[in-house]
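So the structure is just underneath, and the comments pick up after that.
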Amino acid sequence: MTAVTEPATFGNQPAIENEAPTPTSPLTGFNARQLELILETIAGNTRTLQQMLMLLQTEIDDEYAQSVCIDAAKDLATAIGAMADEAIGGGVIGNAACWHFGPNFNSTGKAVQA
């Protein structure tokens, strides 16, 4: 029995089947559609972050709920930064690991001999 897979979709965009390969950016290696998906995700996450901060500013009085929102906002900002930095080749802080674990993450432990 052969497995049938559905074409991938993103958001409300229809899948594009048999699409010709698109050239990639010499800076990042991403093609135009991949960069579009990155920007769509960044825009969606930024909208969520903006809404969360508005709620935090106007609606949430409980200290625990405020703390949770602040932590979530920090995580969203980190994810947004990592996606944007990856899309431009990692020149701001670095790859996603550097964004999530600190800018020295990739070089940590390199001098240690096992």
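Residue numbers (the working numbering): 925 to 1038.
All C-beta atoms, glycine included, are put in the ideal place defined by N, C-alpha and C.
Rounding to the nearest angstrom, what Cα-Cα distance links residue i and residue j in this structure?
i, j, result
"I984", "H1024", "27 Å"
"G1013", "I1004", "14 Å"
"N969", "L1000", "7 Å"
"A989", "T1002", "20 Å"
"L977", "R971", "10 Å"
"A956", "G1018", "21 Å"
"D986", "D995", "14 Å"
"G1015", "D1009", "7 Å"
"L979", "F1029", "33 Å"
"T948", "S1031", "28 Å"
"Q975", "F954", "30 Å"
Drop a sphere of 10 angstroms on the beta-carbon of residue i, count the other beta-carbons inside from all chains shown, and report buried for 16 or more, exposed for fewer.
i, result
"G1033", "exposed"
Measure the Cβ-Cβ separation of residue i and residue j and say whether it is below 8 Å.
i, j, result
"I962", "A1011", "yes"
"A997", "L959", "no"
Output needed for residue i: all residues of its chain with C-beta closer than 8 Å, excluding positions within five of it in sequence on either side, in chain order.
i, result
"T965", "M1007"
Can you name, in chain order, every residue of its own chain whose Cβ lies under 7 Å from the Cβ of residue i, other than the five neighbours on each side?
i, result
"P1027", "I1017, G1018"
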